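Asks:
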Amino acid sequence: MRPASSLCGLAWGMAAPLLLLHAWGETGRSFDRLLPLLPPGVGARAVDQRWDDSAAPRTLASLAAEVLAFMDAAGLPRAVLLGSSSGGYVAQEVAVAAPERVAGLVLVGTPRSLRGRPAFAGDVERLTDPVGAGWVRRSLDWFPRVQAVPPWYIDDRVSDGARIPARVWRETLTALCTAEPPTESGGVPLGAGIAAPPRNSARPAWQHPGAPGAA
1448 MRPASSLCGL AWGMAAPLLL LHAWGETGRS FDRLLPLLPP GVGARAVDQR
1498 WDDSAAPRTL ASLAAEVLAF MDAAGLPRAV LLGSSSGGYV AQEVAVAAPE
1548 RVAGLVLVGT PRSLRGRPAF AGDVERLTDP VGAGWVRRSL DWFPRVQAVP
1598 PWYIDDRVSD GARIPARVWR ETLTALCTAE PPTESGGVPL GAGIAAPPRN
1648 SARPAWQHPG APGAA
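All residue numbers in the sequence shown are consecutive under the numbering used here, ending with 1662.
(1) What three-state label does DSSP hand A1550 in the structure shown?
(2) Measure the alpha-carbon distance for V1489 versus L1465 and round it to whole angstroms.
(3) Look at the Cβ atom of R1476, then the Cβ atom of T1619, and state whether they are nearer than 7 Å.
(4) Just to confirm the assignment, what range does the beta strand (DSSP E) spanning R1492 have?
(5) Are there 16 or more other CB atoms within 10 angstroms of the CB of P1487, so buried, or fewer, so exposed?
(6) Taking just the CA atoms, how far does T1474 sit from A1498?
(7) Can you tell me whether DSSP reads M1448 as helix, strand or coil?
(8) Buried or exposed: where does V1596 fall if 16 or more other Cβ atoms within 10 Å of its Cβ makes it buried?
In structure tokens:
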């Protein structure tokens, strides 16, 4: 694992620390639409997980450790964690591993468990370098959208995803889908809020109607 000082992120505001944790296959830029809407009293940082091919093998625990390393490097003893989709899964793991570092949780479309093989796993397992923009764009359709998304935002997600090595796509998906769910390995502290789509919000995105292989 690279030193914590090499971790990257976007900062917004100067007050109460809020860490934004992105989903699998994304970067901190996925919060570009949210950051300008935050109140002035919120000091938000959008964390970039290490998606480069040189990092050690990924596990849910190692993804959580990267968040804690980012907090150490940024001088944050505690923070509220906001996780989007699987980013919220990582946030839960941080809360279980180091509850004293977590002032609160905001889980946006985050499932309680990701354990199991998603319908699109075969597509990811066949992925090779270089990862094509077309493949990334198609992969975004695996996850249903409840609201319209500006084309520029989709283009940015495609650009981010095409820079992630195939091994990292595969390895991170495996890590998320084989790990023991955080809430089964320990208790998540009080102070968690959940924001989710109005229908079937407790189910993983790839089990929603319209996702490949969904019932």
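Each residue gets a CB set at the ideal place from its N, CA and C atoms; glycine is no exception.
Remember, it's a predicted structure, so these values are computed and weren't measured experimentally.
Replies: Let me spell this out:
(1) For the purposes of this step, residue 1550 is identified with residue 103 of the sequence shown, where counting begins at 1. Three-state DSSP puts A1550 in a strand.
(2) Against the sequence shown, residue 1489 aligns to sequence position 42. Against the sequence shown, residue 1465 aligns to sequence position 18. About 7 Å.
(3) Here the question's residue 1476 lines up with position 29 in the sequence shown. Here the question's residue 1619 lines up with position 172 in the sequence shown. Not in contact: R1476 and T1619 (Cβ atoms no closer than 7 Å).
(4) Numbered from its first residue, the sequence shown carries residue 1492 at position 45. Its beta strand (DSSP E) spans residues V1489 to D1495.
(5) Taking the first residue of the sequence shown as position 1, residue 1487 is located at position 40. Exposed: under 16 other Cβ atoms inside 10 Å.
(6) By one-based count along the sequence shown, residue 1498 stands at place 51. By one-based count along the sequence shown, residue 1474 stands at place 27. In the sequence on display, residue 1498 carries Trp and not Ala. In a straight line, the C-alpha of W1498 is about 9 Å away from that of T1474.
(7) Indexing the sequence shown from 1 puts residue 1448 at position 1. Low confidence applies to M1448: its pLDDT is 37, below 50, so where it sits in the model is not reliable enough to give any reading.
(8) The sequence position of residue 1596 within the sequence shown is 149, counting from 1. Counting Cβ neighbours within 10 Å, V1596 comes out exposed, since fewer than 16 surround it.
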